[in-house]
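Enquirer:
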Amino acid sequence: MGRGKRVRYYDYDWIKVIATLGVFLYHCSMFFNPFPWHVKNNEVDTNGILVFSLFLGVWLMPLFFAISGISVTYSLNNRSTSNFIKERLVRLGVPLLFGMFILSPPQVYIERVTNYQFSGSFINFIPHYFDGLYPNYS
């Protein structure tokens, strides 16, 4: 594989920025739309937010898959496959493990206690963190 000169694609950068903003707005809208979510506000009219959520929900994941495929292509032009895999494991694996074992347990604990799916301390909850499928929240 040939190694080329690195070129910055500013239009591609802006697509990533706008897509990330779309994900942020989509998750903010989950608080108000009628879909099941961790925390809900059922006091507002959700019709406009529902249309917004459905529109973004249809486009965001395919857009991120396309962005990922383009990024892999560009990345493999500048490094070997083995270096690419090592870099991905570090850049994606470390944050994934950190999120799974440090960030998510308190969130799941608070949600389960709030929904009366668990009673006890956080320390007592830790051995049950991976028990079963994620519960259906309403």
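For the sequence shown, my numbering begins at 17 and goes up steadily by one. Here a beta-carbon is modelled for each residue, glycine too, at the ideal position from N, C-alpha and C.
(1) So, are the CB atoms of I31 and I83 less than 8 Å apart?
(2) Leaving out the 5 sequence neighbours to the left and right, which residues in its chain are closer than 6 Å to W53 when beta-carbon positions are compared?
(3) Quick check on H54: does DSSP put it in helix, strand or coil?
(4) Would you mind reading off the limits of the alpha helix (DSSP H) that contains V104?
(5) Can you say whether G132 is buried or exposed, counting buried as having 16 or more other CB atoms within 10 angstroms of its CB?
(6) According to the Cβ coordinates, are Y42 and L76 closer than 8 Å?
(7) Taking T62 and N49 to be in contact with their CB atoms under 8 Å, please state how far apart those CB atoms are, rounded to whole angstroms.
(8) Between the Cα of V33 and those of R22, F80 and F68, spot the shortest distance and give me the residue it belongs to.
(9) On the CB-based measure, 16 or more other CB atoms within 10 Å of its CB, does F138 come out buried or exposed?
(10) What is the DSSP secondary structure of N140, counted as helix, strand or coil?
(11) If you draw a straight line from the alpha carbon of K56 to that of R24, how long is it in whole angstroms?
(12) What does the alpha-carbon distance come out to for the pair T97 and G136?
(13) Do you know offhand how far T89's Cα is from S120's?
(14) Assign F146 to one of three DSSP states: helix, strand, or coil.
Expert: Checking against the coordinates, here is how it stands:
(1) Taking 8 Å as the cut-off, the Cβ atoms of I31 and I83 count as close.
(2) Around W53, the same chain offers M46 as residues with beta carbons nearer than 6 Å, after the five sequence neighbours per side are excluded.
(3) Three-state result, H54: coil.
(4) In the sequence as presented, Val is not what sits at residue 104; that position holds Arg. For R104, the enclosing alpha helix (DSSP H) starts and ends at T97 to R104.
(5) According to the sequence provided, residue 132 is Tyr. The question's Gly does not apply to it. Y132 comes out exposed.
(6) Against a cut-off of 8 Å, the Cβ pair of L76 and Y42 comes out as a contact.
(7) Sure, about 5 Å apart at Cβ, within 8 Å.
(8) That would be F80, whose Cα lies nearest to the Cα of V33.
(9) Under this definition F138 is an exposed residue.
(10) Here N140 carries a helix assignment [DSSP, helix/strand/coil].
(11) One C-alpha to the other measures close to 41 Å.
(12) Our two residues, T97 and G136, have alpha carbons roughly 48 Å apart in a direct line.
(13) The alpha-carbon atoms of T89 and S120 are separated by roughly 32 Å.
(14) Taken through DSSP and simplified to helix, strand or coil, F146 comes out as coil.
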